[in-house]
Structures are given as structure tokens and as C-alpha cells.
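Inspection log for the structure reproduced underneath, given as C-alpha cells.
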Amino acid sequence: MDCRLSVLVVSRTPSLLNRLLASFPSACSLPLADVEILCSWNGSIVDEAFIHVPDGLLFRVASRAPYHFAANVNSLVRLAQAESLLLVNDDVILDRGSVDSALAAMASQAQVALIGSHLRGLDGRLTHAGILFDCFASPFHYLESLVSADHTFVLRDEARVVAASGAMMLIRRSALVQLKMNEAYRVCGEDVEFCLDVCEVLGSKILYLPEFSGVHEAESTRSSMPEQGANSSDQVLLKARRKRFERRAGCKVLIDEWRLQRDVACLCVRERHKSLLGVALMAVTLFRSGLWISWRVVCSVLSRFARC
Numbered sequence: 013m014d015c016r017l018s019v020l021v022v023s024r025t026p027s028l029l030n031r032l033l034a035s036f037p038s039a040c041s042l043p044l045a046d047v048e049i050l051c052s053w054n055g056s057i058v059d060e061a062f063i064h065v066p067d068g069l070l071f072r073v074a075s076r077a078p079y080h081f082a083a084n085v086n087s088l089v090r091l092a093q094a095e096s097l098l099l100v101n102d103d104v105i106l107d108r109g110s111v112d113s114a115l116a117a118m119a120s121q122a123q124v125a126l127i128g129s130h131l132r133g134l135d136g137r138l139t140h141a142g143i144l145f146d147c148f149a150s151p152f153h154y155l156e157s158l159v160s161a162d163h164t165f166v167l168r169d170e171a172r173v174v175a176a177s178g179a180m181m182l183i184r185r186s187a188l189v190q191l192k193m194n195e196a197y198r199v200c201g202e203d204v205e206f207c208l209d210v211c212e213v214l215g216s217k218i219l220y221l222p223e224f225s226g227v228h229e230a231e232s233t234r235s236s237m238p239e240q241g242a243n244s245s246d247q248v249l250l251k252a253r254r255k256r257f258e259r260r261a262g263c264k265v266l267i268d269e270w271r272l273q274r275d276v277a278c279l280c281v282r283e284r285h286k287s288l289l290g291v292a293l294m295a296v297t298l299f300r301s302g303l304w305i306s307w308r309v310v311c312s313v314l315s316r317f318a319r320c
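Residue 320 is where the sequence shown ends in my numbering, and the numbering goes up by one at each step.
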């Protein structure tokens, strides 16, 4: 089989998985014979019998293991045949043509190793359009639930980001094979660290593509599972990784991120999406990031002069 796309999904709930599978044929126009869907099944044998696969889809349960997102994904990657990998949560409903848009964008831009998605809730509010970090090095989905998913800001042209949600992303297989998901994370954070690795370690780009879209109720899967709430050790691990990223990433990457932070802050102030405290925190984040970038640029210039 000449596989052109490998879909990787971790699931324990047949009703959610069935809904995702039903949305796939309209989201991707590739011949179904060129697409494989690999599932890491965390549910029971009884529930597995209720998985319904639409005619023509090449679906298989590739592994059966307890839920651990990073480990589950890494096991699927080893079995994937295509260079393009669609990592998607089972609680996502793909929009028509969304996967086609991501595949076309990646094929036309060799420097892009990952494409982030544009996701909304069932109420039409935005759930994901990229990830930023606050002044405490904690990640957050910017504008989450604050604006509608069809707001002009999130429908803007494709843009560079430093992190995107693992709920739905298109990845070059070579990047995921080289970097892998960090299995030290117990609950969440491995997808964000992977994005930072893509930018810093590989020097590749992450693209936010508004046409790469779907419905996703944030945390709808994890919230139904025991011991899948916020985890303090994961937070410490990710904050440390973010601080290393700030020290090591290229200045151009940090400047692009700062510009996005500025644009988000301006929108929140202009449309009054944040409280006074929220605006103050955004201002502190911008000020701190600006100072750090200025310091990095000055050090870089001085280093070049020293070598001369």
C-alpha cells in the first residue's frame, strides 16, 4: 500500500471514535486506500466491539494499552507508514475539507513540520487557535471561549506559532520519530513540549491554519477519566522546558511569538474580553518578553563583534 496519510488516535469510547470516523471521508479527499487509521485502544474488549468503521476506511486497533497519551502516541508512530501524520483526539469532529487544507499547506512549505488547528466548541465559541505562555511560563489557549470561532482575528491568514494543541495537528513523521513525545508527562503537556522541540531542536516552523478546523469540546475525554485532572508535576516539567526554550530558541521565533501576544492583548483590550487584572497580566507578560528578547538580541550582536 502506498500510504499517504496515517491517522493516529487514542480512544476508549466507541461513541466518540465512531463520530470521528464518520467525519473523516468528507474532511479528506485522498483515496481511502491511501489512508490508514491507527488506534491505541484504552477501553474494554466489550466496548471495542461497538466500534463502527465506515465502508472503505482502513482502520485497525494497532495497540491495546492503558491510557498514557505520550506512550500511546509513540507506539502508534512506530507503526505508521506515511510521512504525514494526523494526530487527532477521538472527541473531535472534522470539518469538510479540513485535512485537505492541512496536507496542501504542508506540501507547499518544506520548512513547516507541524500544522496547528482551529477548533470550536459545540456552542460555536473558540476552543483552540494556538498556544501562548504567560509571565509565569504557563501555557494557555489564547482567546479560548472569549470569541466566536468565526471571529476575524482567528480567521486571519495562516500564521507562525510556537505551540499548538495535540487535540488535532498534522505532523511530519520524521519530526515525531526524531523527537518523540516525552513520556515523563503523566497527564498533559507532552504535546506542548513537542511543539517547543520542533521550533528549537529542529529549527522548523509550526503553522496555524484556520481552514484546518473542527469541533472539539476541550478536555471532554480527559474529564471523564479518573486521575486525568491538572497535575502539578507536569506543570513543573513544562514550565522548566519553556524557560529553556526562551534561552535557546532563535530570536526570530521569540519575536514572532511576542507579536502574536501583542495582537491578542490589543484585541482583548479593544473588545473588553479581559478584566483589569487580566489586562495587567498580559501587559506584564509583554513587558517581560520584550526585555528578554532585547537582551538576547544585544548579546547576539556583542557576540558577533567579539568574534570579529
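We treat Cβ as the ideally placed atom computed from N, Cα and C, and that holds for glycine. As the structure is a computational prediction, the values presented were derived from the model and not from experiment.
- Judged by their CB atoms, V166 and L158 are not nearer to each other than the 8 Å cut-off.
- Between the beta-carbon of V85 and that of V22 there is about 7 Å, and that keeps the pair under the 8 Å contact cut.
- A contact is defined here as three or more CB-CB pairs under 8 Å, and the stretch 81-95 meets this definition with respect to the stretch 52-63.
- In the three-state reduction of the DSSP assignment, T139 falls in the strand class, which pools E and B.
- Setting aside the 5 residues that flank it on each side, L188 is surrounded in the same chain by V89, L97, each with a C-beta closer than 7 Å to its C-beta; the list follows chain order.
- Apart from the 5 residues on each side of it in sequence, E212 sits with its Cβ closer than 7 Å to the Cβ of F257, R260, A261 in its chain, given in chain order.
- Here R168 is exposed. Its C-beta has fewer than 16 other C-beta atoms within 10 Å.
- Here H228 is actually not in contact with D102; their C-beta atoms are around 10 Å apart, not less than 8 Å.
- Residues of the same chain with a CB within less than 6 Å of the CB of Q190, apart from the 5 flanking positions on each side, do not exist.
- Counting only runs of 4 or more residues that sit fully inside the stretch 105-149, the alpha helix (DSSP H) segments are 110-120, in chain order.
- The beta carbon of D107 sits closer than 7 Å to those of A39, S225, G226, all from its chain and outside the five residues before and after it, given in chain order.
- For E223 against F81, the beta-carbon gap comes to about 26 Å, at or over 8 Å, which does not count as contact.
- Assigned with DSSP and collapsed to three states, C263 falls in helix.
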